[in-house]
Amino acid sequence: MVKVKRKSKRSSVKKGWYGQTANLGRAVEVGLAWVGALLVVEIIDFSMGNRLDALGILPRVWIGLIGVLTSPLLHADFAHLMANAGPMALLLAILFSDGRYHPKSSLALIWLVSGLGTWLIGRNAIHIGASSVIFGLVSFLIVASLWMKSWRALFFSLVVFFLFGGLFYGIFHVHAGVSWEGHLSGALAGVWVAWIMHGR
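What the sequence shown shows, in our numbering, is residues 1 to 200, in sequence order.
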């Protein structure tokens, strides 16, 4: 009985470790797949003379609401895309590594709420880029850990804060061609979604 018990315990530990590793591997695949999709969209946009950029968010114009769905998929050029690709891949990998984040629902809400916020407060220009979602994921992963009571979530939140916490310093430093409204809307969306999913 003792031998069987010990074997079962080791097997359980091994299975748990393997399961976590497999989840992380799949999460990394999700992050890379998203970046691959963004790259495909940018190649198509480039081949069309950047005409797809017109599908970004145009604030307070009804037709501009389509950009709530499409804006994070569009980028001004390949340099803009590359600046967002790394953070997007890493943050999505963290998000999808743990089902307790409710990754699909959380990502969808951050995407929509950050876009709606940009549509409401944005200046009169077309807003494009995944940075609104990136700001949302950063604030979500940090704030959600406060309610999740998980050492793993806390560890990830510290990693995210260390790597991306400085982004929040630049929200109100307005630069030409940079949508601080999208950044602010994304950050607030992440906090709200964290509260909806974990704080209530």
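Every residue gets a Cβ at the ideal spot worked out from N, C-alpha and C, and that includes glycine.
- Item | As assigned by DSSP and simplified to three states, the class of H102 | As a working mapping, residue 102 is identified with position 102 in the sequence shown. In this structure, H102 counts as coil in the three-state DSSP scheme.
- Query: Which runs of the alpha helix (DSSP H) fall wholly inside the stretch 106-154 and span at least 4 residues, in chain order?
  - Reply: 131-148
- Are L137 and S145 touching if we call contact CB-CB under 7 Å? Counting from one through the sequence shown, the residue named residue 137 turns up at place 137. Counting from one through the sequence shown, the residue named residue 145 turns up at place 145. Cβ distance not < 7 Å, so L137 and S145 don't count as in contact.
- Query: Does the beta-carbon distance from S179 to H127 come in below 7 Å?
  - Reply: If you number the sequence shown from 1, residue 179 lands on position 179. If you number the sequence shown from 1, residue 127 lands on position 127. Against a cut-off of 7 Å, the Cβ pair of H127 and S179 comes out as a contact.
- Rounded straight-line distance, which links the Cα of L188 to that of L95: Sequence index remark: in the sequence shown, residue 95 carries index 95 (1-based). Sequence index remark: in the sequence shown, residue 188 carries index 188 (1-based). Each residue's alpha carbon lies about 17 Å from the other.
- Message: As a quick exercise: from I142, L81, K149, R152, pick the residue whose alpha carbon is nearest that of V160.
- Response: On the sequence shown, position 160 is the one that residue 160 refers to. Comparing Cα positions, the closest option is I142.
- Query: Looking at C-alpha atoms only, which residue of G99, L120, L24 is the closest neighbour of G90?
  - Reply: For the purposes of this step, residue 90 is identified with residue 90 of the sequence shown, where counting begins at 1. Per the sequence presented here, residue 90 reads as Leu, with Gly not at that position. Cα-wise, what sits closest to L90 is L24.
- Based on Cα-Cα distance, which residue from S114, F78, K104 lies nearest to V68? As a working mapping, residue 68 is identified with position 68 in the sequence shown. Comparing Cα positions, the closest option is S114.
- Element boundaries [alpha helix (DSSP H), containing W62]: As a working mapping, residue 62 is identified with position 62 in the sequence shown. Taken as a continuous stretch (DSSP letters only), W62 belongs to no alpha helix (DSSP H), as it is neither H nor E.
- Do the stretch 100-116 and the stretch 68-83 meet, that is, are 3 or more Cβ pairs less than 8 Å apart? yes
- Using the rule of at least 16 other Cβ atoms within 10 Å of the residue's Cβ for burial, across every protein chain shown, is V40 buried or exposed? Start at 1 with the first residue of the sequence shown, and residue 40 comes out as number 40. Exposed.
- Item | Same chain, Cβ closer than 8 Å to I196, neighbours up to 5 away in sequence not counted | The count along the sequence shown starts at 1 and reaches residue 196 at position 196. The answer, listed in chain order, is L109.
- Please classify G129: is it buried, with 16 or more other beta-carbons within 10 angstroms of its beta-carbon, or exposed? By 1-based counting over the sequence shown, the position of residue 129 is 129. Label assigned to G129: buried.
- Limits of the alpha helix (DSSP H) - the one that M82 falls within: Position 82 of the sequence shown, counted from the first residue, corresponds to residue 82. Segment 78-95, the alpha helix (DSSP H) holding M82.
- Message: Suppose you measure from the CA of G199 to the CA of G182; what does that come to, to the nearest Å?
- Response: Walking along the sequence shown from the start, residue 199 turns up at place 199. Walking along the sequence shown from the start, residue 182 turns up at place 182. So the alpha carbons of these two residues sit roughly 24 Å apart.
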